[in-house]
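In case it helps, my numbering puts the sequence shown at residues 55 to 337.
Heads up: the structure comes next, in structure tokens.
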Amino acid sequence: MAMADQWFSASQVAEGVHLVRERFYHSGNQANIWVVQGTEQDVVVDTGLGIQNLRGFLEDQELIGNKPTLAVATHVHFDHSGGLYQFPEVAIHKNEVEALEKGDNFETVTFLSDSEIVPPPTRKWKASNYRVRASKVTRTLEEGDVIDLGDRRLQVLHVPGHSRGSIVLHDQVNRQLFSGDTAYMGSLIDWLPYSCVSDYVQSCRRLQALAPDIHTVFPGHFETFSGQRLESMLTDYINSAGVLHRATAGVMGALSSIVLRGRNTNNIPAKCCFYGCCCHCCL
Ligand SMILES: [Zn+2]
Ligand SMILES: [Zn+2]
Numbered sequence: 055m056a057m058a059d060q061w062f063s064a065s066q067v068a069e070g071v072h073l074v075r076e077r078f079y080h081s082g083n084q085a086n087i088w089v090v091q092g093t094e095q096d097v098v099v100d101t102g103l104g105i106q107n108l109r110g111f112l113e114d115q116e117l118i119g120n121k122p123t124l125a126v127a128t129h130v131h132f133d134h135s136g137g138l139y140q141f142p143e144v145a146i147h148k149n150e151v152e153a154l155e156k157g158d159n160f161e162t163v164t165f166l167s168d169s170e171i172v173p174p175p176t177r178k179w180k181a182s183n184y185r186v187r188a189s190k191v192t193r194t195l196e197e198g199d200v201i202d203l204g205d206r207r208l209q210v211l212h213v214p215g216h217s218r219g220s221i222v223l224h225d226q227v228n229r230q231l232f233s234g235d236t237a238y239m240g241s242l243i244d245w246l247p248y249s250c251v252s253d254y255v256q257s258c259r260r261l262q263a264l265a266p267d268i269h270t271v272f273p274g275h276f277e278t279f280s281g282q283r284l285e286s287m288l289t290d291y292i293n294s295a296g297v298l299h300r301a302t303a304g305v306m307g308a309l310s311s312i313v314l315r316g317r318n319t320n321n322i323p324a325k326c327c328f329y330g331c332c333c334h335c336c337l
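Structure representation (structure tokens):
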């Protein structure tokens with residue numbers, strides 16, 4: 055049986071920045087959880103699945119707890135938003151507030167299998183019963199907002215494309231970027247419900263302008279990387295996003311919508327188009 059103190063691992067990766075991971079979630083969807091410590095406030099960037107007690111673990115490790123903590127989701131997908139319900143202060147971009155507060159498991163793209171959670175948290179635990187719990191949002195984020203930690207400030211940039219409420223957090227002074235699923239060292243995903251290739255390309259262009267000023271990127275998945283790597287990654291994506299890519303993303307979006315609707319039947323949105331794509335390009 056995996057207890058919370060075994061479920062999570064934690065390591066310091068920079069001054070005041072810690073990486074937490076869910077050790078028994080064996081999947082490319084295993085998200086990075088970042089703890090950013092400030093003098094006035096700590097911020098937890100993304101919260102994992104929410105299967106175990108993340109907040110308790112972080113308090114036990116004394117990574118948070120002696121000052122206010124704000125849990126921020128880079129976007130609403132289940133691998134990032136699942137643990138938000140454990141925190142009294144929760145922030146997410148305005149486009150995804152409703153999905154989070156309703157516990158909309160279609161928009162959170164909840165998709166988990168038993169083989170990914172080994173060992174399971176309890177003997178009776180079943181992946182098919184897993185859902186992202188609804189969370190009350192205490193702070194709605196918009197483009198240009200600043201999250202003030204005291205000795206450190208995180209600027210919010212709205213970068214739709216992967217999802218409609220995706221954000222990145224930019225620490226200008228420390229030249230750090232928390233990039234969520236918008237940029238990581240792996241295949242970028244632009245074919246989920248509420249993904250949009252055109253928006254993704256625009257967001258990449260914005261981040262390209264920022265990249266020369268970035269020293270370290272703390273992504274939503276996999277390892278950290280440099281601003282230089284970010285720049286080439288964004289260029290690669292923009293160059294790949296031609297007509298064929300958009301058509302493929304459309305087909306994959308339709309298929310993923312069908313699968314996700316099947317799994318999360320309580321949460322079928324009324325506004326998706328015939329092809330199952332919910333992005334504004336089609337509506
Ligand atoms: Zn995502
Ligand atoms: Zn993710």
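We put the beta carbon where it would ideally sit given N, CA and C, even for glycine.
- Counting along the chain, H134 sits inside no beta strand (DSSP E); it lies in the alpha helix (DSSP H) bounded by residues F132 to S135.
- Around the beta carbon of S63, a 10 Å sphere encloses fewer than 16 other beta carbons of the protein chains shown; the residue is thus reported as exposed.
- By the Cβ criterion, the region 127-144 is in contact with the region 173-193, since at least three pairs of Cβ atoms, one from each stretch, lie closer than 8 Å.
- Ordered along the chain, residues surrounding ligand 1 are H131 and D235 [Cβ under 5 Å from any heavy atom].
- Listed as beta-bridge partners of G234 by DSSP are P273.
- The three-state reading of DSSP puts D96 in strand, counting E and B together.
- Pairwise C-beta distances place the region 283-301 out of contact with the region 89-108, as fewer than three of them are shorter than 8 Å.
- Distance from I292 to R259 at the Cβ level is roughly 7 Å; contact confirmed, criterion being Cβ atoms closer than 8 Å.
- DSSP, read as helix, strand or coil, puts A68 in strand.
- When Cβ pairs closer than 8 Å are counted between the two stretches, the region 263-282 is seen not to touch the region 302-312, the count staying below three.
- T128 and N183 have their alpha carbons spaced roughly 24 Å apart.
- Residue pairing of Y79 in beta bridges, as defined by DSSP: I171.
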